[in-house]
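Residue numbers (our numbering): 106 to 230. Using N, Cα and C, we set each Cβ at its ideal position, and we do this for glycine too. Beneath this line is the structure, given in structure tokens, with notes to follow.
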Amino acid sequence: MKLPQLEKLVVDALEDIKGRDIEVINTSRLTALFDRIVIACGDSNRQVKSLARNVQDKVREAGGCVLSCEGEEVGEWVLVDLGDIVVHVMQPAVRSYYNLEELWGGKGPLRVRRAAATTSDIAQG
106 MKLPQLEKLV VDALEDIKGR DIEVINTSRL TALFDRIVIA CGDSNRQVKS LARNVQDKVR
166 EAGGCVLSCE GEEVGEWVLV DLGDIVVHVM QPAVRSYYNL EELWGGKGPL RVRRAAATTS
226 DIAQG
């Protein structure tokens, strides 16, 4: 699956069940390990787990591969590794504390992503 398709699939899966404050950060110039980080918030342990599970289910349904998933037991911060994209689903207090956007050069949450947006649009925020 190509990166723009995977990115859209992830964002749509998060939006499907009311993921909040979704941000996509282009990390291709910062690391060779992955090309994007997607960060989203859920309001409770249950919602964080559901958001992460929905991402995994939608990726697998589309024929993609989920390399690993960490943090599902607790549900405060769940990381889903999709290879080219790493998804972080967090409760707001955890997201605020770790501030991954600042570490990776993001510009703050963008609530709506559409298929019409190009990869460069998303990277520029």
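Taking the alpha-carbon of residue i as reference, which of the options has the nearest alpha-carbon?
| i | options | result |
| --- | --- | --- |
| R151 | I142, E128, E181 | E181 |
| L187 | E177, R141, A137 | R141 |
| K154 | C174, Q110, Y203, E166 | C174 |
| I122 | V194, Y203, A137 | V194 |
| N131 | M106, P197, I190, S201 | I190 |
| A157 | A137, F139, S133, V179 | V179 |
| L114 | F139, L138, R165 | R165 |
| E112 | A137, V192, P197 | V192 |
Taking the C-alpha atoms as reference points, what is the distance between residue i and residue j?
| i | j | result |
| --- | --- | --- |
| E177 | L108 | 25 Å |
| A167 | D148 | 27 Å |
| R125 | A145 | 6 Å |
| Q110 | E207 | 26 Å |
| I227 | N204 | Unreliable positioning characterises I227 in this predicted model, as indicated by a pLDDT of 45, which lies under 50. The coordinate reading is nonetheless provided below. About 19 Å. |
| G169 | V199 | 28 Å |
| F139 | S133 | 7 Å |
Leaving out five residues on either side along the sequence, give the residues of the same chain with a beta carbon under 8 Å from the beta carbon of residue i.
| i | result |
| --- | --- |
| V246 | Lying before the first or after the last residue shown, residue 246 is absent from the chain, which here runs from 106 to 230. |
| Q161 | V171, C174, V185 |
| L135 | W209, G210 |
| N159 | A118, L119, D121, I122 |
Give the range of the beta strand (DSSP E) segment to which residue i is assigned.
| i | result |
| --- | --- |
| L184 | 182–186 |
| R231 | As shown, the chain starts at 106 and ends at 230. That puts residue 231 outside it, with no answer to give. |
| A145 | 141–146 |
| E128 | 125–131 |
| V171 | Looking at the DSSP string, V171 is not in any beta strand (DSSP E), and its letter there is neither H nor E. |
Which residues bound the alpha helix (DSSP H) around residue i?
| i | result |
| --- | --- |
| N204 | Here N204 belongs to no alpha helix (DSSP H), and DSSP marks it neither H nor E. |
| V238 | Nothing can be reported for residue 238, as the shown portion of the chain is limited to 106 through 230. |
Please return the same chain residues whose Cβ sits closer than 6 Å to the Cβ of residue i, not counting the five positions on each side in sequence.
| i | result |
| --- | --- |
| S201 | none |
| M106 | G169 |
| K163 | L114, A118 |
Here's a check: name, in chain order, each residue in its chain whose Cβ is nearer than 7 Å to the Cβ of residue i, leaving out the five neighbours to either side.
| i | result |
| --- | --- |
| P197 | C146 |
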